[in-house]
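Everything on this sheet refers to the single structure shown next.
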Amino acid sequence: MRFFPLLAILLLLASCDKDDDVRTLPAKDLTYIVYMAADNSLSGNVESNLRGIEAGLRAMDVTINTVAFVDVGDGGAQLVSFTRDDGGSVTREVIGEYGDVDAVDPDFMADVIAGVAARYPSQHYVLDLWSHGMGWLPASAPSLPFGRWFGQDGQHFMDIRDLRSALAATGLHFDFLMFDACLMATVEVAYELRGVADYIVASPIEVWEMGFPYNSIMPALQSRHPEIAVAEAYAGYYDGVYSPAYGIEMTGAISVIDCAALDSLAGVTRRQLADVAPVYDETFVDELLRYDRYTYHYLYDFGDYMTRLLGADGAAPVIGALGQALPFRYATDSFGYGSQTIYLDADRYTGLGSYVPRQSYTAWNEYYKTLQWFEDIQLLPIY
Numbered sequence: 461m462r463f464f465p466l467l468a469i470l471l472l473l474a475s476c477d478k479d480d481d482v483r484t485l486p487a488k489d490l491t492y493i494v495y496m497a498a499d500n501s502l503s504g505n506v507e508s509n510l511r512g513i514e515a516g517l518r519a520m521d522v523t524i525n526t527v528a529f530v531d532v533g534d535g536g537a538q539l540v541s542f543t544r545d546d547g548g549s550v551t552r553e554v555i556g557e558y559g560d561v562d563a564v565d566p567d568f569m570a571d572v573i574a575g576v577a578a579r580y581p582s583q584h585y586v587l588d589l590w591s592h593g594m595g596w597l598p599a600s601a602p603s604l605p606f607g608r609w610f611g612q613d614g615q616h617f618m619d620i621r622d623l624r625s626a627l628a629a630t631g632l633h634f635d636f637l638m639f640d641a642c643l644m645a646t647v648e649v650a651y652e653l654r655g656v657a658d659y660i661v662a663s664p665i666e667v668w669e670m671g672f673p674y675n676s677i678m679p680a681l682q683s684r685h686p687e688i689a690v691a692e693a694y695a696g697y698y699d700g701v702y703s704p705a706y707g708i709e710m711t712g713a714i715s716v717i718d719c720a721a722l723d724s725l726a727g728v729t730r731r732q733l734a735d736v737a738p739v740y741d742e743t744f745v746d747e748l749l750r751y752d753r754y755t756y757h758y759l760y761d762f763g764d765y766m767t768r769l770l771g772a773d774g775a776a777p778v779i780g781a782l783g784q785a786l787p788f789r790y791a792t793d794s795f796g797y798g799s800q801t802i803y804l805d806a807d808r809y810t811g812l813g814s815y816v817p818r819q820s821y822t823a824w825n826e827y828y829k830t831l832q833w834f835e836d837i838q839l840l841p842i843y
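Using our numbering, the letters of the sequence shown map in sequence onto residues 461 to 843.
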């Protein structure tokens with residue numbers, strides 16, 4: 461199923477002509493950086509994604525700066541540039557070597573990204589964060605040993621607050637962030653990062669290990685509204701059709717989050733929750749639309765959560781603000797297979813994840829209180 465909120469429809473109608481949809485960019489006026497923290501179980505997918513980037517560059521009408529930081533854990537991390545000549549041929553060159561590093565160390569990440577920007581100055585920057593991801597969870601969650609936010613480097617993980625600090629330390633403001641990582645389209649993550657980018661393109665559910673379809677993602681960067689075009693390219697790839705190559709249905713979800721609309725969403729949510737008492741009902745979360753497939757559930761649909769908590773009338777202002785914050789959202793009807801399938805009900809799915817505080821999750825709740833979203837909203841425990 462596809463979801464096209466009004467803003468996305470208007471953007472698409474305005475860009476039906478292919479020539480009109482291509483931005484007029486001076487040469488090298490866009491720098492695309494993919495930061496691949498791949499010293500983990502995803503390392504085997506790095507090369508296929510790099511080849512996808514090459515294929516995508518060959519299909520582009522404009523020339524952009526394209527740089528990949530790659531750490532697969534053996535032989536040391538590298539910085540790789542991609543250059544396309546006038547004939548459309550793309551060459552890959554190692555322009556930096558780092559040795560054995562912790563790719564999810566905030567200071568190291570900031571230095572790498574700032575260094576790329578200094579070497580390839582541009583008016584526009586897009587940052588693609590490639591690794592494992594688990595939304596807002598802390599880097600070490602006692603109840604869930606593999607809990608982390610974004611990025612796994614061996615046994616090191618990155619905290620969402622540290623990512624915000626790292627990106628802020630680069631001195632850059634990104635046109636948009638892309639997360640080729642699972643479960644990153646959450647209200648907590650987006651709110652934490654709203655000051656470093658105009659948009660965030662991410663999935664509220666898991667991303668299959670083959671990752672983003674870079675052969676179509678790269679040409680999307682030259683569109684007038686590249687954040688929408690990138691999400692559309694993802695939606696066109698994970699379209700629910702069975703893939704003989706992978707032996708699965710290509711299912712998934714993707715959202716575009718407008719960071720400028722998040723303060724308004726927070727304000728509306730805070731006002732609507734002001735007079736709501738705690739709900740001590742152990743069945744409350746069982747009825748919510750769930751995004752994760754883990755034993756300890758921690759991600760639910762934000763709009764569905766607000767509707768169940770506030771009622772349809774009380775949640776209406778929140779749902780309205782949420783629609784303004786998500787100019788594009790897409791999801792197939794389900795994700796996964798067998799007993800691990802989650803079903804994304806079209807009538808309840810809004811495209812943004814949220815934690816539902818629960819009294820039994822004491823360690824997570826303490827960490828959650830340190831996030832900017834909680835500080836501004838003050839959500840109450842459910843049970």
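Cβ coordinates follow ideal geometry from the N, Cα and C atoms, glycine included.
The structure presented is a predicted model; accordingly, all values stated were derived computationally and were not measured.
Which of helix, strand or coil does DSSP assign to residue i?
| i | result |
| --- | --- |
| Phe762 | helix |
| Gly796 | coil |
| Val661 | strand |
| Ile524 | coil |
| Gln832 | helix |
| Glu812 | The question names Glu, but residue 812 in the sequence shown is Leu. Correct three-state label for Leu812: coil. |
| Pro602 | The predicted model places Pro602 with a pLDDT of 36, which falls under 50 and marks its position as unreliable; any figure quoted below should be read in that light. Three-state DSSP puts Pro602 in coil, outside helix and strand. |
| Ile513 | helix |
| Ile842 | coil |
| Ser503 | helix |
| Arg624 | helix |
| Ser508 | helix |
| Ala691 | helix |
Using DSSP bridges, identify the partner residues of residue i.
| i | result |
| --- | --- |
| Gln538 | Val530 and Glu557 |
| Ile573 | Its beta-bridge partners do not exist; DSSP assigns none. |
| Glu709 | Tyr702 |
| Leu589 | Tyr495 and Phe639 |
| Tyr803 | Ser794 |
| Ser676 | Partner(s): none; Ser676 has no beta bridge. |
| Val550 | Arg544 |
| Leu457 | Nothing can be reported for residue 457: it is not among the residues displayed for the chain, which extend from 461 to 843. |
| Thr646 | Gly813 |
| Ile714 | Tyr790 |
| Phe458 | Because the chain spans 461 through 843 in this model, residue 458 falls outside it and cannot be assessed. |
Less than 8 Å between the C-beta atoms of residue i and residue j, yes or no?
| i | j | result |
| --- | --- | --- |
| Ser814 | Ile802 | no |
| Val572 | Phe529 | yes |
| Gly593 | Phe636 | no |
| Arg624 | Leu597 | no |
| Ser582 | Thr711 | no |
| Ala726 | Asp619 | no |
| Leu510 | Val527 | no |
| Ser676 | Tyr697 | yes |
| Asp531 | Ala563 | yes |
| Tyr843 | Tyr740 | yes |
| Leu590 | Met678 | As written in the sequence, residue 590 is Trp, which differs from the Leu given in the question. Going by C-beta atoms, Trp590 is not nearer than 8 Å to Met678. |
| Ile524 | Asp588 | no |
| Ala570 | Ala626 | yes |
| Asp761 | Leu749 | yes |
| Ile665 | Leu643 | yes |
| Pro673 | Ala693 | yes |
| Phe769 | Gly595 | Going by the sequence as given, residue 769 is Leu instead of Phe. Cβ atoms of Leu769 and Gly595: not closer than 8 Å. |
| Thr792 | Gly671 | no |
| Thr630 | Ala574 | yes |
| Ala641 | Val667 | yes |
| Asp844 | Pro566 | Because the chain in this structure spans residues 461 to 843, residue 844 falls outside the shown range and cannot be described. |
Looking only at its own chain, which residues have a Cβ that is under 6 Å from the Cβ of residue i, when we skip the five neighbours before and after it?
| i | result |
| --- | --- |
| Thr543 | Thr551 |
| Leu839 | Pro817 |
| Gln832 | Tyr651 and Glu652 |
| Phe788 | Ala468, Ile688, Ala691 and Val716 |
Within its chain, find whatever has a CB closer than 7 Å to the CB of residue i; leave out the 5 residues flanking it on each side and keep chain order.
| i | result |
| --- | --- |
| Gly548 | Arg518 |
| Asp560 | Gly536 |
| Leu722 | Ala650, Tyr651, Arg654 and Ala785 |
| Val728 | Pro777, Val778 and Ala781 |
| Phe834 | Tyr828 |
| Glu826 | none |
| Gly774 | Gln732 |
| Asp805 | Leu749 |
| Asp752 | Leu643, Tyr758 and Leu759 |
Can you list, in chain order, the residues of its chain whose CB lies under 8 Å from that of residue i, leaving out five sequence neighbours each side?
| i | result |
| --- | --- |
| Ile779 | Gly763, Met766, Thr767 and Thr810 |
| Leu786 | Pro465, Ser715, Val716, Ile717, Asp718, Thr810, Gly811 and Leu812 |
| His584 | Leu485, Asp489, Leu490, Thr491 and Asp635 |
Verify the CB distance criterion: does residue i have a CB-CB separation below 8 Å to chain C?
| i | result |
| --- | --- |
| Pro777 | The structure shown has no chain C; it contains just one protein chain. |
Ranges of the alpha helix (DSSP H) found wholly within the region 716-782, counting only runs of at least 4
722-733
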